[in-house]
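J.:
2 protein chains.
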Amino acid sequence: MLPFKTLITIDESSTIAVYRQIADCLIVLITDGVIQPGTFLPSTREMAALLDKHRNTIVAAYEDLITQDWIETLPRVGIRVSIHLPLIKPRSFQEGGKNQTYSSPAKFNFKHIPGPEEQNFQLKRTSIIVNDGFPDADLAPFDSMLREYRKLMQGSSLKVLMSLKDFGGTKALKNSTVNFLNDSRGLNISTENLLITRGAQMAIYLAAGMILKPGDHVLVSDPSYYIADEVFRQMGANLIRIPVDEHGMDIEEVENALKSTKISLLYIIPHHHHPTTVTMSQQRRILLLELIRSYQLPVIEDDYDYDFHYSNSPVLPLASSAHDSNVLYIGSFTKLLAPSCRIGYLIGPANFITQATNLKRLIDLRGDTMMEEALSVIIDSGELDRHIKKSKKVYNERCDQASLMIADRLAHAVDFTKPQGGLALWLKFKATYPLGEVIAKARTSGLLFTGATYYEGAAQKHNGMRFGFASLKESEMQRAVDILRKITI
Amino acid sequence: MLPFKTLITIDESSTIAVYRQIADCLIVLITDGVIQPGTFLPSTREMAALLDKHRNTIVAAYEDLITQDWIETLPRVGIRVSIHLPLIKPRSFQEGGKNQTYSSPAKFNFKHIPGPEEQNFQLKRTSIIVNDGFPDADLAPFDSMLREYRKLMQGSSLKVLMSLKDFGGTKALKNSTVNFLNDSRGLNISTENLLITRGAQMAIYLAAGMILKPGDHVLVSDPSYYIADEVFRQMGANLIRIPVDEHGMDIEEVENALKSTKISLLYIIPHHHHPTTVTMSQQRRILLLELIRSYQLPVIEDDYDYDFHYSNSPVLPLASSAHDSNVLYIGSFTKLLAPSCRIGYLIGPANFITQATNLKRLIDLRGDTMMEEALSVIIDSGELDRHIKKSKKVYNERCDQASLMIADRLAHAVDFTKPQGGLALWLKFKATYPLGEVIAKARTSGLLFTGATYYEGAAQKHNGMRFGFASLKESEMQRAVDILRKITI
Chain A
1 MLPFKTLITI DESSTIAVYR QIADCLIVLI TDGVIQPGTF LPSTREMAAL
51 LDKHRNTIVA AYEDLITQDW IETLPRVGIR VSIHLPLIKP RSFQEGGKNQ
101 TYSSPAKFNF KHIPGPEEQN FQLKRTSIIV NDGFPDADLA PFDSMLREYR
151 KLMQGSSLKV LMSLKDFGGT KALKNSTVNF LNDSRGLNIS TENLLITRGA
201 QMAIYLAAGM ILKPGDHVLV SDPSYYIADE VFRQMGANLI RIPVDEHGMD
251 IEEVENALKS TKISLLYIIP HHHHPTTVTM SQQRRILLLE LIRSYQLPVI
301 EDDYDYDFHY SNSPVLPLAS SAHDSNVLYI GSFTKLLAPS CRIGYLIGPA
351 NFITQATNLK RLIDLRGDTM MEEALSVIID SGELDRHIKK SKKVYNERCD
401 QASLMIADRL AHAVDFTKPQ GGLALWLKFK ATYPLGEVIA KARTSGLLFT
451 GATYYEGAAQ KHNGMRFGFA SLKESEMQRA VDILRKITI
Chain B
1 MLPFKTLITI DESSTIAVYR QIADCLIVLI TDGVIQPGTF LPSTREMAAL
51 LDKHRNTIVA AYEDLITQDW IETLPRVGIR VSIHLPLIKP RSFQEGGKNQ
101 TYSSPAKFNF KHIPGPEEQN FQLKRTSIIV NDGFPDADLA PFDSMLREYR
151 KLMQGSSLKV LMSLKDFGGT KALKNSTVNF LNDSRGLNIS TENLLITRGA
201 QMAIYLAAGM ILKPGDHVLV SDPSYYIADE VFRQMGANLI RIPVDEHGMD
251 IEEVENALKS TKISLLYIIP HHHHPTTVTM SQQRRILLLE LIRSYQLPVI
301 EDDYDYDFHY SNSPVLPLAS SAHDSNVLYI GSFTKLLAPS CRIGYLIGPA
351 NFITQATNLK RLIDLRGDTM MEEALSVIID SGELDRHIKK SKKVYNERCD
401 QASLMIADRL AHAVDFTKPQ GGLALWLKFK ATYPLGEVIA KARTSGLLFT
451 GATYYEGAAQ KHNGMRFGFA SLKESEMQRA VDILRKITI
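Chains A and B, in that order, give the protein sequences.
The first sequence begins at 1 in UniProt numbering and counts up one residue at a time.
The second sequence begins at 1 in UniProt numbering and counts up one residue at a time.
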């Protein structure tokens, strides 16, 4: 007889019932070929004695295996492994009868995609995390969200909404978003121009995925938002980089590229450019719109930080000017709420949005109905506008504070221009301070930079990094700047 | 002088400040070439009179335009449109000076992707919606989620978590999920084998996206989950359909396909197959595992409904047997919670999961940290297990009720086999009842089927439809069956 006592391992502390553990072990022994089809098993009484368990436990295990066709009862003869099972070549016994199902790496072919290294940073109470421009979660209107969640739970509409197919956002949120965008951004859209997504990132992915084919050429800025770069690359596109100066993307270079190459897409962040925070000048904006119309050039306009503009009114997006339905406009509520509330949007011509909604469904079948409905109420009640106003005041102050501190204490190492808006500064370190070293030293001093535009690609040569001031209290900012000073002086 | 009174339209009821409306209209007039660079504008006093507004309003509008470089002041001369702006060919005046920015369809090339038609179904209080197998939102543990949300908001850890990079799920949820899956499914995985996604749909998209190239061949069942079919098609793959009978996918046909064609991926739903609800026999399971090992065949095992099994213990997944790191295992908490809580997972070898996590980041930068942390607590406290037990009892009863009613009242029109588990029945209508007609007639009687496996593709020939019983109270079920009887008798 097989050494069942050894082969069948039972963990009394497990949350799995013992009879299930026994049945599972027997299945593994059968599928591994250790017990062949037709082999008789010990009777329930014998097995109970072997394993030192109650007989009823073994009866339950065997019954389970019988209903699943693993074993069969021959009346007055015994219980055997089903002879209908195919014969299996026995393989070596495995430790404890358990398969190490994923112990070896995958050997089939799959893509390799660059990404950040997971950082083993020991977070302490004194650690400071500087991101690349997140809102302050302490300001987030979580309370209002929870209040709306509770109301929704008590009503009956949520259940119906969750039963219906999702066409890229609930109707209520689509209506609220259309009003919000038309009012704040001078757009002139209706719900058929709008798709609700999981943050701006998914909107970029969907817009590009609808347009790009392998071998296509995409214009991006230099430097550009590195995760968008990687999206286009993964779709097989070739990136053509256009320099960015203090007036934004160089439009003459865009025109040169259009003249010499078939361009399938332009990705641009005209307002608070990522990472450099530059806002494009009106002159270039007008020239670009001319190019868009005359070349009928599809454009993704990423306007992730529109709502936080301090020095004057924000600059209206390209999407609100005449672009002949070529500009796809992307933004997000995430920066207005909290990093976990990932609701973004993609705006475009209706025929495009219908198809993008179908693509979205293949990736993400439904949105978060509850969050979408709650956000809709918060927009419609004017609460979002009040929240933006309040946050803008705080962030404006923090922008001033950070700019003053850095100008005062880090001028020897860092160049930067105070931005007109947004949630981050773009710090260009002088060549004598290679960014990799600065970041590594900062880490050992308890300062972690998570907004890594530096870990790869074209931004590296700029030796620049985003310093997200918006989520830092003044004392945290002070400590972060102190650490940077200490390691650069 | 231009007819500013006509060109500048002001909406007093708008939430946009009047000065902003005036500034925005002027920008449009400039970018549209109606007002050319160098043109002098009326003085603030004149403009105030023209538009019948207070002079301070015009001053504010002009100041806004000056800081944005649209116009410039020549001391003692006047205010003109900046001569640094490029000359623009005037285009025809647009109604009210507003651009219909998205009034024309997109003319650039983009993909066309099949999807459902948005249905203009007039929901009434008496309407019944039958989905393709959703959980009942009335049972969802929303209260517990809100309780945990509130606790998280009061703590300090959430802010830190939201500041860190997301590596496919919070650490807490990864740990909880690993324990939950190892306990319930006989897996033997650690967190490096796990990626948290937005529902099972995103897991399918990511797994397939990592593996498939245009022209690849994928084995799917006939019929299969139609949205997965579409995912593979969008990636340029060719589908080879393998018949499904009452024992599951025909493994001999799988072997034939493997012998004759280079197969890049097998997509299979061995447990409560979608749409047919069949569970694969042990014999086929063992044969399939043999094929997987000998051909080193990458497999996506979709186990979306594992936790609801009524007749005996659920059948362990392929992923828990010896598959030589070839099986990617997919599931979701959505069916355990509510349709809006879209948290799913992809399980695979560690080297594959690292790369899939990088791909996920390109599509969906971060998960919902708050929901992930709350779910983790609910798993760890045993509350999820209790919730599953409770729901399973309800759904088991509803499965019995629905099966009895349909056998009793619809036998003339419908064939079906009561499933061993899951949240839906697979109703095969006899040929004399074409499904399209049945569904259309049902709609006019107030019965809406949203689980449309029928609207396209290979499933159509099966004339079958999923009947999601789990979210229906007995009286609703009764009414749904009555309507189906009335339109088929």
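Note that beta-carbon positions come from the ideal geometry of N, C-alpha and C, so glycine has one too.
1. At a CB-CB cut-off below 7 Å, which residues of chain B make contact with ASN193 (chain A)?
2. Just to check my reading of the structure: SER264 (chain B) and THR67 (chain A) have Cβ atoms closer than 8 Å, yes? What is that Cβ distance to the nearest angstrom?
3. Does the contact criterion of 3 or more C-beta pairs under 8 Å hold for the stretch 322-335 of chain B versus the stretch 195-202 of chain B?
4. Would you call the CB atoms of LEU195 (chain A) and THR357 (chain A) closer than 7 Å?
5. PHE40 (chain B) to SER156 (chain B), Cα distance in whole Å?
6. If you measure from the CB of PRO141 (chain A), is any heavy atom of the ligand FMN nearer than 6 Å?
7. By DSSP, does LYS360 (chain B) sit in helix, in strand, or in coil?
8. Shorter than 7 Å from the beta carbon of LEU2 (chain A) to some beta carbon of chain B?
9. Residues of chain A with a CB under 7 Å from the CB of HIS84 (chain B): which are they?
10. Can you pull the chain B neighbours of PHE333 (chain A), defined as C-beta to C-beta under 9 Å?
11. Given a cut-off of 7 Å on the beta-carbon distance, is the pair SER320 (chain A) and ARG185 (chain A) in contact?
12. Using a Cβ cut-off of 9 Å, which residues of the stretch 297-314 of chain A contact any Cβ in chain B, in chain order?
13. Under 7 Å, CB to CB, which of the residues in the stretch 42-69 of chain A have a partner in chain B?
14. With DSSP as the reference, label ARG76 (chain A) as helix, strand or coil.
15. What's the gap between the Cα of ARG479 (chain A) and the Cα of ASP408 (chain A)?
16. Along the stretch 123-135 of chain A, what residues have a CB closer than 8 Å to any CB found in chain B?
17. So within the stretch 276-313 of chain B, which uninterrupted alpha helix (DSSP H) runs reach at least 4 residues, ignoring any that extend past its ends?
18. In or out: LEU74 (chain B) buried (at least 16 other Cβ within 10 Å) or exposed?
19. Taking only beta-carbon atoms, is THR279 (chain B) less than 7 Å away from chain A?
20. Can a CB atom of chain B be found closer than 7 Å to the CB of THR205 (chain A)?
21. If you check the beta carbons only, do LEU181 (chain B) and LEU187 (chain B) fall under 7 Å apart?
22. Would you call ALA49 (chain B) buried or exposed, if buried means 16 or more other Cβ atoms sit within 10 Å of its Cβ?
23. So, ALA237 (chain A) versus ILE204 (chain A), is the Cβ gap smaller than 7 Å?
24. Going along chain B, which residues have a C-beta under 7 Å from MET202 (chain A)?
25. List the residues of chain B that MET370 (chain A) touches, going by C-beta distances under 7 Å, in chain order.
26. THR177 (chain B) by DSSP, collapsed to three states: which one?
27. Taking C-alpha atoms, which residue in A:ILE269, A:ALA350, A:GLU476 and A:CYS341 lies nearest to LYS108 (chain B)?
28. Taking Cβ-Cβ distances shorter than 7 Å, what residues in chain B pair up with GLN355 (chain A)?
29. Looking at GLY248 (chain B) and ASN284 (chain B), is the spacing between their C-beta atoms short of 7 Å?
30. Since I believe LYS392 (chain B) is in contact with PHE308 (chain B) (beta carbons under 8 Å), could you give me their beta-carbon distance rounded to a whole number of angstroms?
31. Looking at the strands, I want to know which residues DSSP matches up with VAL254 (chain A).
32. Roughly how many angstroms separate the alpha carbons of VAL327 (chain A) and ILE300 (chain A), rounded to a whole number?
33. Below 8 Å on the Cβ atoms is my contact criterion, and I expect TRP70 (chain A) with VAL81 (chain A) to pass it. Report the Cβ-Cβ distance as a whole number of Å.
34. Let me check understanding here. Comparing Cα to Cα, which of A:ILE363, A:VAL315 and A:VAL218 lies closest to ARG342 (chain B)?
35. With 7 Å as the C-beta to C-beta threshold (strictly closer), list the residues of the stretch 217-242 of chain B near chain A in chain order.
36. With distances taken Cα to Cα, identify the nearest neighbour of LEU258 (chain A) among A:ILE242, A:ARG125, A:PHE352 and A:CYS25.
T.: Here's the rundown:
1. Within the first sequence, residue 193 (chain A) is the residue found at index 193, counting from 1. In chain order: TYR102.
2. Residue mapping note: residue 264 (chain B) aligns to position 264 of the second sequence, counting from 1. Residue mapping note: residue 67 (chain A) aligns to position 67 of the first sequence, counting from 1. Between SER264 (chain B) and THR67 (chain A), the beta carbon gap of about 36 Å keeps them out of contact (Cβ cut-off 8 Å).
3. yes
4. What you label residue 195 (chain A) is simply residue 195 of the first sequence in a count that begins at 1. What you label residue 357 (chain A) is simply residue 357 of the first sequence in a count that begins at 1. Cβ atoms of LEU195 (chain A) and THR357 (chain A): closer than 7 Å.
5. Taking the second sequence and counting its residues from 1, the one referred to as residue 40 (chain B) is at position 40. Taking the second sequence and counting its residues from 1, the one referred to as residue 156 (chain B) is at position 156. One C-alpha to the other measures close to 57 Å.
6. The model depicted lacks the ligand FMN and carries no ligand whatsoever.
7. On the second sequence, position 360 is the one that residue 360 (chain B) refers to. In the structure shown, LYS360 (chain B) sits in a helix (DSSP, three-state: H, G or I).
8. Position 2 of the first sequence holds residue 2 (chain A). Taking Cβ atoms only, chain B never reaches closer than 7 Å to LEU2 (chain A), which makes this a no.
9. Locating residue 84 (chain B) in the second sequence gives position 84, where the first residue counts as 1. Near HIS84 (chain B) (Cβ distances below 7 Å), the residues of chain A are GLN283.
10. If you number the first sequence from 1, residue 333 (chain A) lands on position 333. Simply none; closest approach about 13 Å.
11. Locating residue 320 (chain A) in the first sequence gives position 320, counting from the first residue. Locating residue 185 (chain A) in the first sequence gives position 185, counting from the first residue. Contact flag set, yes.
12. LEU297, PRO298, SER311, ASN312 and SER313
13. ASP64, THR67, GLN68 and ASP69
14. Within the first sequence, residue 76 (chain A) is the residue found at index 76, counting from 1. It is coil, neither helix nor strand.
15. By one-based count along the first sequence, residue 479 (chain A) stands at place 479. By one-based count along the first sequence, residue 408 (chain A) stands at place 408. Between ARG479 (chain A) and ASP408 (chain A), the C-alpha separation is close to 14 Å.
16. Answer set for the stretch 123-135 of chain A: LEU123, ILE129, ASN131 and PHE134.
17. Counting only runs that start and end inside the stretch 276-313 of chain B, the alpha helix (DSSP H) elements of at least 4 residues fall at 282-295.
18. What you label residue 74 (chain B) is simply residue 74 of the second sequence in a count that begins at 1. The residue is exposed, with fewer than 16 neighbouring Cβ atoms inside 10 Å.
19. Mapped onto the second sequence, residue 279 (chain B) falls at position 279. Cβ-Cβ to chain A under 7 Å: no for THR279 (chain B).
20. The sequence position of residue 205 (chain A) within the first sequence is 205, counting from 1. Reading off the sequence, residue 205 (chain A) comes out as Tyr, not Thr. Output row for TYR205 (chain A): interface = yes.
21. Within the second sequence, the letter at position 181 stands for residue 181 (chain B). Within the second sequence, the letter at position 187 stands for residue 187 (chain B). In this structure, LEU187 (chain B) lies closer than 7 Å to LEU181 (chain B) by Cβ.
22. Indexing the second sequence from 1 puts residue 49 (chain B) at position 49. By the neighbour-count rule (16 or more Cβ atoms within 10 Å), ALA49 (chain B) is not buried but exposed.
23. Position 237 of the first sequence holds residue 237 (chain A). Position 204 of the first sequence holds residue 204 (chain A). No, the pair does not count as a contact, with Cβ atoms beyond the cut-off.
24. For the purposes of this step, residue 202 (chain A) is taken as the residue at position 202 of the first sequence. The contacting residues are ILE363 and ASP364.
25. The count along the first sequence starts at 1 and reaches residue 370 (chain A) at position 370. The contacting residues are SER340.
26. Locating residue 177 (chain B) in the second sequence gives position 177, where the first residue counts as 1. Three-state DSSP puts THR177 (chain B) in a helix.
27. By 1-based counting over the second sequence, the position of residue 108 (chain B) is 108. Sequence inspection shows Phe at residue 108 (chain B); the Lys mentioned does not correspond to that position. Of the listed residues, the one whose Cα sits closest to PHE108 (chain B) is A:ALA350.
28. Within the first sequence, residue 355 (chain A) is the residue found at index 355, counting from 1. By Cβ distance, chain B contributes PHE110, LYS111, HIS112 and ILE113.
29. As a first step, residue 284 (chain B) must be located in the second sequence, where it is residue number 284. As a first step, residue 248 (chain B) must be located in the second sequence, where it is residue number 248. Correcting the residue type first, residue 284 (chain B) is Arg in the shown sequence and not Asn. Taking 7 Å as the Cβ cut-off, ARG284 (chain B) and GLY248 (chain B) qualify as a contacting pair.
30. Within the second sequence, the letter at position 308 stands for residue 308 (chain B). Within the second sequence, the letter at position 392 stands for residue 392 (chain B). Yes, they are in contact, since the Cβ atoms of PHE308 (chain B) and LYS392 (chain B) sit about 6 Å apart, within 8 Å.
31. On the first sequence, residue 254 (chain A) is found 254 positions in, with the first residue counted as 1. Its beta-bridge partners do not exist; DSSP assigns none.
32. Here residue 327 (chain A) refers to the residue found at position 327 when the first sequence is read from its first residue. Here residue 300 (chain A) refers to the residue found at position 300 when the first sequence is read from its first residue. Roughly 6 Å separates the two Cα atoms.
33. Residue 70 (chain A) sits at position 70 when you count from the first residue of the first sequence. Residue 81 (chain A) sits at position 81 when you count from the first residue of the first sequence. Contact flag correct, Cβ pair sits at about 7 Å.
34. Here residue 342 (chain B) is taken as the residue at index 342 of the second sequence, counted from 1. Of the listed residues, the one whose Cα sits closest to ARG342 (chain B) is A:ILE363.
35. ILE227, GLU230, VAL231 and GLN234
36. Within the first sequence, the letter at position 258 stands for residue 258 (chain A). Here the closest residue by C-alpha is A:ILE242.
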